[in-house]
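Those letters in the sequence shown? Residues 68 to 163, per our numbering, in order. Ideal Cβ placement from N, Cα and C applies to all residues, glycine included. Please read these numbers as outputs of a predicted model, since none were measured by experiment. Notes follow once the structure below has been shown.
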Amino acid sequence: MQVTDRAVEALSRLAQEELRTGELIRVDRAYRCGGPPFQVVIDDTKGPLDTTLRFEGAQGAVDVTVAQAIVKLLADVVLDYGEDGFVFEEAAKLGC
68 MQVTDRAVEA LSRLAQEELR TGELIRVDRA YRCGGPPFQV VIDDTKGPLD TTLRFEGAQG
128 AVDVTVAQAI VKLLADVVLD YGEDGFVFEE AAKLGC
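If you want it as structure tokens, here you go:
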């Protein structure tokens, strides 16, 4: 997963302003029909099959937890941040 500078800044703000002791930022499957396939959530559990990804930004590093089962699904995904919040996009859009 690639993360834009805007997304790293937003993740850093989220970590500083919203996380309580024992909580973490997670990228997870969204499981919504017609919506984006992934979402950014606050979680309080890190399991044995989770991995932590660290992203460096102007405000320092931020850790994001991801289930090992979806790491490959995120390989070609870019996480960005815009007016409507976090946005997941394909890294290389394929033509018809």
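C-alpha gap between residue i and residue j, whole angstroms
i: Tyr148; j: Ala74; result: 5 Å
i: Phe105; j: Val145; result: 11 Å
i: Ala158; j: Cys100; result: 22 Å
i: Gly121; j: Val138; result: Per the sequence presented here, residue 121 reads as Arg, with Gly not at that position. Taking the straight line joining both Cα atoms gives about 13 Å.
i: Ala136; j: Gly114; result: 12 Å
i: Thr119; j: Asp95; result: 12 Å
i: Asp72; j: Thr132; result: 18 Å
i: Ser79; j: Thr88; result: 15 Å
i: Gly124; j: Leu140; result: 24 Å
Beta-carbon proximity of residue i to residue j, cut-off 9 Å
i: Leu116; j: Ala134; result: yes
i: Val68; j: Ala128; result: A quick correction: the sequence has Met, not Val, at residue 68. No. Outside cutoff.
i: Ile109; j: Glu85; result: yes
i: Glu76; j: Gln126; result: yes
Sequence-distant residues of its chain with Cβ nearer than 7 Å to residue i (five each side left out)
i: Leu81; result: Ile92
Residue i - DSSP class collapsed to helix/strand/coil
i: Ala128; result: strand
i: Asp72; result: helix
i: Glu123; result: strand
i: Leu91; result: strand
i: Leu81; result: helix
i: Ala97; result: coil
Cβ neighbours of residue i in the same chain (closer than 6 Å, five flanking residues each side left out)
i: Glu156; result: Val145
Sequence-distant residues of its chain with Cβ nearer than 8 Å to residue i (five each side left out)
i: Phe153; result: Ala74, Ala77, Gln106, Val107, Leu146 and Asp147
Opposing strand residues paired with residue i [DSSP bridges]
i: Ser117; result: Looking at the sequence provided, one finds Asp at residue 117 rather than Ser. DSSP lists Ala134 as partners of Asp117.
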